[in-house]
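Protein chains in written order, with the numbering used here: chain A, 310 to 1126; chain B, 2 to 192. Yeah, the Cβ is synthetic: ideal placement off N, Cα and C, and Gly gets one too. None of the values given here were measured: they were computed from a predicted structure.
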């Protein structure tokens, strides 16, 4: 979230789209309701009438996978009716930037496209065709009057000129009147002093156009001046208690702690790596915050290797693994490789891929191809026990499985980071039950044993032997020692910015980190989170800040440097005065900023008399050029979002782009375990129904931490398929009947729930039915022998940028048993 | 008087109970106050943050100071600025997650082609896992890729997990697998 949970109360209009916050993040509704009491409008757009819809002022249905068409229509409406915030757009976004004349969009593809046939991905783009025009100093050319025909705003207007409500309605199935009503009400937040916010979740991310779904909303938010303000922002409602923290610490192939890049094979020295990944801006008004990259990387290496990391050995850079250029190592590829027999060993640590992965049958079969597997969990799960699951014959499965019991969160101490980036400390209640141990203890003990083995030699022992591993106290894992390492230490007595710091003391903030080995910090974003007094995450001050907008700066701690609303320097005008006088985030007093921790302490862009202040910086400090990106030239699938159909969809052609049905650069996996029904111009009559997955309040994720509980299982005992009364009638299926849901990947026995919550869509004159299955179930609990996972049905494809699987859209059928 | 919401509830609760029983004219009050004291007298009070979604709701945990040292109660924390005491169905069932007969309490091992789990010790499990990590890493370690570039990586092991761990655990986990040379490192955030 750019903002945070309590901040939703400050909004004037809340768009819940791509999530069902009322059911899946119920406490968020405390703040939605508070905003509504103040007069805010709640809009909900969803294929199904959900608990969030029931609370909304306006509900509109849309067919799964058509969000870009819906939101693209809103971009057109805002531009056609001149509803954007001109001062904000002209000064804070890249709308005035001039784009290379090679940029074009024709027949559903952008310029620079090459189709690929020998790879998992369908094609790729040469992004240099989308670059900005640069002046003689290497600064992007801009026209702040927004009149140049090559400026981003003009290109945006041209791109979305096709997204008229008639065409949008034909694609989405949303009535035109609903589109217009929602466009009108949401666009009204473009008025100075008004704020609109977006609450989304996996309903936007789990698509072949996932990143671009969110980009479309980001464009709307920038046009309306809703970024950086209280009650605004782009707010991802994250689904796991510490998925924000685990992402910040980068348990992902492509990033290292603090969103640093995983080194590529061609980055053969630390200098080459830093040169490649440290962005350069020639614009004196751009803070280009990532210019500090070397300080963060060297401090991280100091944390990995401690005293063993020195200048002479590039701080141990060579010891760490490098990935090949242009190669993907993400989730879908990982299991594809496992299916093909690439791995001997596999860790499934605190996760249940046998149920959570798209095309779960392939994952279950893949696990039979590894020699050994370590499964760490609170409960025996479908992953650890895959060898005795449905359709498996243990006598033919070679995999050795070590299943290790970890304890639950209240039985250990440590911190987690919520969706609003708030880091909070948890304490140990009871001791771990039985012989279970904390994950921290298991990790520490395992690596200690591996280190012992490498004492006797082995392949390239340097990284293992040199890894700093002193996070235990009295033989037990000590979270405080790690938390301090994450914050970072001064490695010697040093004076920085006129302040003296003693060796071994904690670094007060990332502004003091150095690139010469003087400091360590295991994650620069968390530098400032631990002081000599203890973890700031443990702070419990319930007082609000003077601006009284629910920042609660003394409650927990939030990255970066306790800034509760990021991009907050866009919440003020050029003179530093808030757009919204009532819910102000920061303001300039003439000599300093007050309110939230500002996004950098530089003065406003203009002095009080309206003259430019050369000491200022543009507000979007994490962007190379300092501006919010309406035009996004760095993405793999185009600088503007475009409507493409999901891999599996109910239309023969894409009505927006008749020559290009799905994303032209999406990955599609192709082993015999990856059947799917994608073809231009054709639909497969065997699978006539749109399928989607969702969650219910009473269960969580694959259900592993809720299905073994008697109360929650009693409330939601079975996997079900929800369908409209019209479809029920058509198929002769009644409420409560057991049915079979099938897709090209698998079948799932479900209880039919026939409701008014789904309604058939009118898509281009055809009636299209959609059904939904909650993805919380699996065969292990309850032990009924009939329950299993919705992901047996989901497809082998994902987003071209992130490769998040397209688990929200596929084609299927439902039949009576 | 400057009191937090929770203290306020505690104070007013006690007063209300006192008024209620005093109206009856005989001494029910010891029983009543004994019941109200249970949590604090025999229980250690700690705070936690819910382990389900990422709203980050606060809860109060009471653990028995006597007997088995197990949980007495978990309830929403009224002093928490996000949830103000409220919890959803899952958060309200936290106690059942912890005190659950289905929990895995011993390391278990399944041998190749076996039809059953076998209870094993921590010492044996971790030793065996460390041995397999070393064998696989040593056999699959790549110093250079096909282009001859130095890559120093382990291709024979993959890892997924976990957003269910604390920040500090996540950090040491990624440090361990990266020092081992793994490049296939993924978790919940990808899906």
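List, in order along the chain, the chain A residues whose C-beta lies closer than 8 Å to that of residue 70 of chain B? Going along chain A in sequence order, the residues near residue 70 of chain B (Cβ under 8 Å) are 739, 740.
If we count Cβ pairs, one from each stretch, closer than 8 Å, do we get three or more for the segment 529-549 of chain A versus the segment 874-882 of chain A? A contact exists between the segment 529-549 of chain A and the segment 874-882 of chain A.
Evaluate residue 988 of chain A with the Cβ neighbour count: other Cβ atoms within 10 Å of its Cβ, from every protein chain shown; 16 or more gives buried, anything less gives exposed. Label assigned to residue 988 of chain A: exposed.
Can you find a C-beta in chain C that's less than 8 Å from the C-beta of residue 915 of chain A? No chain C appears in the structure shown, which is made up of the protein chains A and B.
Find the residues of chain A that neighbour residue 146 of chain B, judging by a C-beta separation of less than 7 Å, and give them in chain order. Contact annotation for residue 146 of chain B against chain A: 574, 633 [CB-CB distance below 7 Å, chain order].
Mind listing the chain A neighbours of residue 74 of chain B? Cutoff is C-beta to C-beta under 9 Å, in chain order. Listed along the chain, the chain A residues whose CB falls inside 9 Å of the CB of residue 74 of chain B amount to none; the nearest CB is some 10 Å away.
C-beta neighbour in chain A for residue 66 of chain B, strict 8 Å: Output row for residue 66 of chain B: interface = no.
For residue 77 of chain B, does the three-state DSSP call read helix, strand or coil? Three-state DSSP puts residue 77 of chain B in a strand.
In the DSSP assignment, find the alpha helix (DSSP H) that holds residue 175 of chain B and state where it starts and stops. In this chain, the alpha helix (DSSP H) harbouring residue 175 of chain B covers 168-180.
For residue 629 of chain A, decide whether its Cβ has a neighbour in chain B, counting only Cβ atoms nearer than 8 Å. Using a CB distance cut-off of 8 Å, residue 629 of chain A counts as an interface residue toward chain B.
Taking only runs that begin and end inside the segment 88-118 of chain B, name each unbroken beta strand (DSSP E) of 3 or more residues, in chain order. Taking only runs of at least 3 residues, the beta strand (DSSP E) segments lying wholly in the segment 88-118 of chain B are 109-111.
Curious, which full-length beta strand (DSSP E) runs of at least 3 residues does the segment 878-952 of chain A contain? Here the runs fully enclosed are 895-897, 902-904.
Excluding five sequence neighbours on each side, which residues of the same chain lie with their C-beta closer than 6 Å to the C-beta of residue 13 of chain B? Residue placement at residue 13 of chain B is poorly supported in this model, since its pLDDT is 42, which falls under 50; the coordinates are not used for a value here.
Just verifying my parser: in three-state terms, what is the DSSP assignment at residue 1071 of chain A? Residue state for residue 1071 of chain A is assigned as strand, using DSSP reduced to three classes.
Listed from N- to C-terminal order along the chain, which residues in the segment 678-692 of chain A have their beta-carbon within a distance smaller than 7 Å of any beta-carbon of chain B? Residues passing the 7 Å Cβ filter: 681, 683, 686, 687, 688, 689.
So if DSSP puts residue 143 of chain B in a beta bridge, which residue, or which two residues, is it bridged to? Under DSSP, the beta-bridge partners assigned to residue 143 of chain B are B/154.
Thinking just about the alpha-carbon of each residue, which of A/1063, A/711, A/862, A/462 is nearest to the one in residue 937 of chain A? Closest by alpha carbon: A/462.
Nearest neighbour of residue 972 of chain A, chosen from A/370, A/480, A/418, A/1016 [CA to CA]: Cα-wise, what sits closest to residue 972 of chain A is A/418.
Looking at C-alpha atoms only, which residue of A/672, A/312, A/356 is the closest neighbour of residue 340 of chain A? Of the listed residues, the one whose Cα sits closest to residue 340 of chain A is A/312.
What are the complete alpha helix (DSSP H) segments, minimum 4 residues, inside the segment 608-655 of chain A? You should have 640-648.
Alpha carbons only, please: which of A/731, A/842, A/502 is nearest the one belonging to residue 891 of chain A? Distances from the CA of residue 891 of chain A to each of A/731, A/842, A/502 were compared; the closest alpha carbon is that of A/502.
Can you tell me where the beta strand (DSSP E) holding residue 64 of chain B begins and where it ends? Taken as a continuous stretch (DSSP letters only), the beta strand (DSSP E) holding residue 64 of chain B covers 59-65.
If you draw a straight line from the C-alpha of residue 22 of chain B to the C-alpha of residue 720 of chain A, how long is it? Note on residue 22 of chain B: pLDDT 37, under 50, position unreliable in the model; no value is reported.
Cutoff 8 Å: residue 666 of chain A Cβ touching any chain B Cβ: The beta carbon of residue 666 of chain A falls within 8 Å of a beta carbon belonging to chain B, placing the residue at that interface.
Give me the subset of the segment 1008-1022 of chain A whose CB atoms are less than 7 Å from a CB atom of chain B, sorted by chain position. Flagged, chain order: 1009, 1014, 1015, 1017, 1018, 1019, 1020, 1021.
Using 8 Å as the limit for Cβ to Cβ distance, is residue 827 of chain A near chain B? Residue-level contact check: residue 827 of chain A does not touch chain B, since none of the beta carbons of chain B fall below 8 Å from its beta carbon.
For a quick check, are the C-beta atoms of residue 953 of chain A and residue 480 of chain A less than 8 Å apart? Going by C-beta atoms, residue 953 of chain A is not nearer than 8 Å to residue 480 of chain A.
Is the segment 407-421 of chain A close to the segment 390-399 of chain A, with three or more CB pairs under 8 Å? Verdict: no, contact absent.
Contact list for residue 110 of chain B against chain A, beta-carbon separation under 9 Å: Within 9 Å Cβ-Cβ: 709, 710, 711, 712.
Jot down the residue ranges of each uninterrupted beta strand (DSSP E) in the segment 982-1068 of chain A, minimum 3 residues, whole runs only, in chain order. Note on the segment 982-1068 of chain A: whole beta strand (DSSP E) runs with a minimum of 3 residues are 998-1003, 1029-1033, 1047-1052, 1055-1064, in chain order.
Can you name the residues of chain B whose CB is closer than 7 Å to the CB of residue 731 of chain A? In chain order: 57.
From the DSSP output, which residues share a beta bridge with residue 47 of chain B? Residue pairing for residue 47 of chain B: DSSP places it in a beta bridge opposite B/62.
Own chain partners of residue 1009 of chain A with C-beta closer than 6 Å, once the 5 adjacent residues on each side are dropped: Scanning its chain for C-beta atoms nearer than 6 Å, with the 5 sequence neighbours on each side dropped, one finds around residue 1009 of chain A the residues 1015, in chain order.
Rounded separation between residue 1042 of chain A and residue 1109 of chain A - CA only: One C-alpha to the other measures close to 38 Å.
Between the segment 914-934 of chain A and the segment 880-895 of chain A, do three or more beta carbon pairs fall short of 8 Å? In this structure the segment 914-934 of chain A lies against the segment 880-895 of chain A, because at least three pairs of beta carbons, one per stretch, are closer than 8 Å.
Nonlocal neighbours in the same chain, by C-beta distance under 6 Å from residue 1017 of chain A, ignoring five residues either side: Hits under 6 Å: 688, 1090.
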